[in-house]
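**Q** I am attaching a structure below and will ask some questions about it afterwards.
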Amino acid sequence: MISPPPRSSSRPTRPCTMSIDWEIPLSDVSFDERESKAVLGVLRSGWLTMGGQVQTFEEEFVEAAGCRHAIAVSSGTAGLHLALLALDIGPGDEVIQPAVNFIASANMTLAVGAAPVFADITALETPTLDPGDVERRITSRTKAVVAMHYGGFPADVARLRELCRAHDIALIEDACHAVGAEVEGAGMGSWGAIGAFSFFSNKNMVTGEGGMVTTGDDSLADSVRRLRSHGMTTLTWDRHKGHAYSYDVLRPGFNYRIDELRAALGRVQLGKLAEFNDRRRKLMEAYRERFAPLEERGWMLAFRDAPLWPRASSCHLCAAVAPSREVRDAAQRELKSRRIQSSLHYPFIPAFSAFSEGDEAWRETLTRSEAFCEREITLPLFPAMTESMVERVLEGVVTSAKTRQPSR
Numbered sequence: 296m297i298s299p300p301p302r303s304s305s306r307p308t309r310p311c312t313m314s315i316d317w318e319i320p321l322s323d324v325s326f327d328e329r330e331s332k333a334v335l336g337v338l339r340s341g342w343l344t345m346g347g348q349v350q351t352f353e354e355e356f357v358e359a360a361g362c363r364h365a366i367a368v369s370s371g372t373a374g375l376h377l378a379l380l381a382l383d384i385g386p387g388d389e390v391i392q393p394a395v396n397f398i399a400s401a402n403m404t405l406a407v408g409a410a411p412v413f414a415d416i417t418a419l420e421t422p423t424l425d426p427g428d429v430e431r432r433i434t435s436r437t438k439a440v441v442a443m444h445y446g447g448f449p450a451d452v453a454r455l456r457e458l459c460r461a462h463d464i465a466l467i468e469d470a471c472h473a474v475g476a477e478v479e480g481a482g483m484g485s486w487g488a489i490g491a492f493s494f495f496s497n498k499n500m501v502t503g504e505g506g507m508v509t510t511g512d513d514s515l516a517d518s519v520r521r522l523r524s525h526g527m528t529t530l531t532w533d534r535h536k537g538h539a540y541s542y543d544v545l546r547p548g549f550n551y552r553i554d555e556l557r558a559a560l561g562r563v564q565l566g567k568l569a570e571f572n573d574r575r576r577k578l579m580e581a582y583r584e585r586f587a588p589l590e591e592r593g594w595m596l597a598f599r600d601a602p603l604w605p606r607a608s609s610c611h612l613c614a615a616v617a618p619s620r621e622v623r624d625a626a627q628r629e630l631k632s633r634r635i636q637s638s639l640h641y642p643f644i645p646a647f648s649a650f651s652e653g654d655e656a657w658r659e660t661l662t663r664s665e666a667f668c669e670r671e672i673t674l675p676l677f678p679a680m681t682e683s684m685v686e687r688v689l690e691g692v693v694t695s696a697k698t699r700q701p702s703r
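If you count the sequence shown from 1, you need to add 295 to reach the numbering used here.
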């Protein structure tokens, strides 16, 4: 048996239903009076843009993540963009990255003028970068490797970091799924030259929109801070507090700042993160314990045997792999008929129109990634979920599997 959902100190932490259409949503945010109090405090302060809440949020994230620098930004995508820019990646450069990922990493690679080079995943049940395939794709133009921690399960960062050091290229961690996860006692976002986190509404800690960049390099941190706010040497907050009167612009930058409201939310959510992630791990165990009937029908549970405890995974997603696309689609239809939400993480990036023009022969070397994208289904997972909900989800998938056999 697993423990009940986390409770606040005063009243239950209740899910905020995002859609009345779903009896069991894919994800849900868990807010209580602490978030309300934090936001109200900011409104009453009269200072809404980046200021003291942001600064304290960054300091608390450094402590929680075990990194040297944490720079709060407007989104995980902004964080990836700033990471590429801080590393001076641009036209003529190549960035090796997974074909199984949200589109942000590939988009930001194109945005800086570089070329994304997609590498295959290790296996259908381990959809993170295959270090061997990464090494085969390194050329004289390779400037960085993006390691994405799919579903909150860390990529093989030890091998990837060793590989990057051997070839004098940067390791960027796409840690948008992996806040609170560790490898060998070191938090995700601290293994590479630089990392990016997301606090989007479906993530393990939620600010609506928002993200964080982490690095152990002082120079990279300085670059990210300046690029975040138009390349300026001082912030409005500095001038408001009387610490500066003017500023210089060292290089063109962006408005990737986060505001005080979201930073205040982030601070509360960060304080709940350990409890929420523990709950997610217990729910993942519940899925594993009940998955045997589907394995008998050719299904796989991603990261089936990967460690979860104490912080080996943040368990952001519960991803299952069907025997075929047709079987996967039938499962989605059955779940929808039961008002249970599911999703796909993710469509195969090289098949998108923006990436599918020209010579596509190289796609033939991404067979595991393409098969995963065709057969994967994401099942509900969020802290306020119950054991009975897990059973209902799997009952729906089993029912679809009994009536729909894989194509031969």
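Yeah, the Cβ is synthetic: ideal placement off N, Cα and C, and Gly gets one too. Remember, predicted model here, so these are calculated numbers, not experimental data.
#1: Looking only at C-alpha atoms, which of Ile644, Glu690 and Gly566 sits nearest to Ser325?
#2: Closest to Glu682 by CA distance: which of Ala696, Glu580, Gly371 and Ala587 is it?
#3: At the level of alpha carbons, what is the spacing between Arg705 and Val508?
#4: Suppose you measure from the CA of Arg418 to the CA of Thr502; what does that come to, to the nearest Å?
#5: Give a single yes or no on whether Ala679 has its beta carbon closer than 7 Å to a heavy atom of the ligand GDP.
#6: Nearest CA to the CA of Gly484: which residue from Ser664, Ile644 and Arg456?
#7: Candidates Ser524, Gly505, Ile489 and Thr528: which alpha carbon is nearest Asp513's?
#8: Do Arg623 and Ala614 come within 8 Å of each other at the CB atom, strictly closer than that value?
#9: So what's Cys459 in DSSP terms, helix, strand or just coil?
#10: Name the DSSP bridge partner or partners of Met507?
#11: Under 6 Å Cβ to Cβ from Ile319, same chain only, skipping five residues before and after it: list those, please.
#12: Taking its Cβ as the centre, do 16 or more other Cβ atoms sit within 10 Å of Pro678, making it buried, or is it exposed?
#13: Along the beta strand (DSSP E) that carries Phe571, what are the first and last residues, could you check?
#14: Secondary structure at Cys668, three-state DSSP: helix, strand or coil?
#15: DSSP three-state call for Lys498: helix, strand or coil?
#16: Given this structure, state the Cα-to-Cα distance separating Arg562 from Arg575, to the nearest angstrom.
#17: So, helix, strand or coil for Glu318, using DSSP?
#18: Along the chain, which unbroken stretches of the beta strand (DSSP E) at least 3 residues long are found entirely within the segment 404-468?
#19: Find out if the Cβ-Cβ distance for the pair Leu377, Val368 is shorter than 8 Å.
#20: Would you mind stating whether Ala414 and Pro449 have Cβ atoms separated by less than 8 Å?
#21: Would DSSP call Ala626 helix, strand or coil?
#22: Per the DSSP calculation, Thr660 is bridged to which residue(s)?
#23: Thinking Ser609 and Asn499 are a contact (beta carbons under 8 Å), I'd like their distance in whole angstroms, please.
#24: Taking a contact to mean a Cβ-Cβ separation below 8 Å, would you say Tyr641 touches Val440 in this structure?
**A** Reading off the structure:
#1: It is Gly566.
#2: Glu580
#3: In the structure as shown, the chain starts at 296 and stops at 703, and residue 705 therefore has no counterpart that could be examined.
#4: First, the amino acid is wrong: residue 418 is Ala here, not Arg. Going from the Cα of Ala418 to the Cα of Thr502 covers about 33 Å.
#5: This structure lacks the ligand GDP, and indeed carries no ligand of any kind.
#6: Arg456
#7: Ile489
#8: no
#9: helix
#10: Ala367 and Phe492
#11: Ile635, Pro675 and Met684
#12: buried
#13: No beta strand (DSSP E) holds Phe571; the alpha helix (DSSP H) holding it covers Glu555 to Glu584.
#14: The three-state secondary structure of Cys668, taken from DSSP, is helix.
#15: coil
#16: 20 Å
#17: coil
#18: 410-414, 416-418, 421-424 and 437-443
#19: yes
#20: no
#21: The answer is helix: DSSP assigns Ala626 an H, G or I state.
#22: For Thr660, which the question treats as bridged, DSSP gives no partner whatsoever.
#23: About 5 Å separates the CB atoms of Ser609 and Asn499; that is less than 8 Å, so the two are in contact.
#24: Cβ distance not < 8 Å, so Tyr641 and Val440 don't count as in contact.
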